[in-house]
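To keep things clear, I will list the structure first and then write my remarks on it.
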Amino acid sequence: MRITLFVILVMAVSTPFLVSGCGATVRPPADPENPVNVYLIDYGRHTGLVLPREEPRSYVEYHYGEWAWFAENRTGPLSSVRAMVFPSRGTLARREHSGTIDEQTLARSYIFDSLYSLTVGAAEAEALRLRLDERFESEIETETYNPRQAMHFVHDERRYTFWGNSNTVLAGWLRELGCEVRGPALLANWRIESD
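Going letter by letter, the sequence shown gives residues 502 to 696 in the numbering used here.
So this is what it looks like as structure tokens:
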């Protein structure tokens, strides 16, 4: 009974946010030093961040999500409600890209809603990539490959919650890159501003 009441309360509180869109507006930094392009790749329910690697010239795509839903494909209604209501195991997902990153190249291999290019400072992009690489490698013994997602997954120390979901974590990564992010970013509903 308590669990049912808790679920109803959480849904009642969260519904106004979900209906209103709960997206975020992103403004890249103005005149970043040594500019490089990073990419938001929006798959509808979740969004990844694609960061450049210098040697060899390639890109790495990172996502944060809920382990059972994202890494194990447990995406039924009960699993979705459980992931929204109860703190659960988080996961960091990684996919490598070689060659050029653009909408046409990616569309040949992946189905996504939108691809956004953001210009940020090279030092900030490198620092974030190194931090995420280290975070991923620190849990490498938990690695699993999900062919449906075409990504490698590891456990993450951060617990997945409704308020600390894939999109809010991504918003934090964007802030590390010097972007201004306005709005709660609860859903993958991104608006990119430019000067």
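A virtual CB, placed ideally from N, CA and C, is assigned to each residue, including glycine.
**Study point:** Alpha carbon of Thr576 to alpha carbon of Ala623, nearest angstrom
**Key:** In the sequence shown, counting from the first residue as 1, residue 576 sits at position 75. In the sequence shown, counting from the first residue as 1, residue 623 sits at position 122. So the two alpha carbons sit approximately 37 angstroms from each other.
Review point. Should Glu638 and His598 be called a contact, given that it needs their Cβ atoms to be closer than 8 angstroms?
Key: Your numbering for residue 638 matches position 137 in the sequence shown. Your numbering for residue 598 matches position 97 in the sequence shown. For Glu638 and His598, no; Cβs fall outside 8 angstroms.
**Study point:** Stretch-stretch touch, CB-based, cutoff 8 angstroms, three pairs: the stretch 626–645 with the stretch 656–668
**Key:** The stretch 626–645 makes contact with the stretch 656–668; the number of CB pairs closer than 8 angstroms reaches 3 or more.
Check your understanding: Which stretch, first to last residue, makes up the beta strand (DSSP E) that contains Gly591?
Key -> On the sequence shown, position 90 is the one that residue 591 refers to. First-last of the beta strand (DSSP E) with Gly591: 589–599.
**Study point:** Every unbroken beta strand (DSSP E) inside the stretch 615–665 [3 residues or more]
**Key:** You should have 615–622, 645–647, 652–661.
**Study point:** Boundaries (first-last residue) of the beta strand (DSSP E) holding Leu550
**Key:** Within the sequence shown, the letter at position 49 stands for residue 550. In the DSSP annotation of this structure, the continuous segment of the beta strand (DSSP E) that includes Leu550 starts and ends at 548–554.
Review point. For Ala569, does the three-state DSSP call read helix, strand or coil?
Key: Residue mapping note: residue 569 aligns to position 68 of the sequence shown, counting from 1. Three-state DSSP puts Ala569 in a helix.
Exercise for review: Could you pull the start and end residues of the alpha helix (DSSP H) that Asn538 belongs to?
Suggested key: Within the sequence shown, the letter at position 37 stands for residue 538. The continuous stretches of alpha helix (DSSP H) do not include Asn538, which lies in the beta strand (DSSP E) extending over residues 536–543.
Exercise for review: Count the other C-beta atoms from every protein chain shown that fall within 10 angstroms of the C-beta of Leu579, then say buried if there are 16 or more, exposed otherwise.
Suggested key: For this step, residue 579 is matched to residue 78 along the sequence shown. Label assigned to Leu579: exposed.
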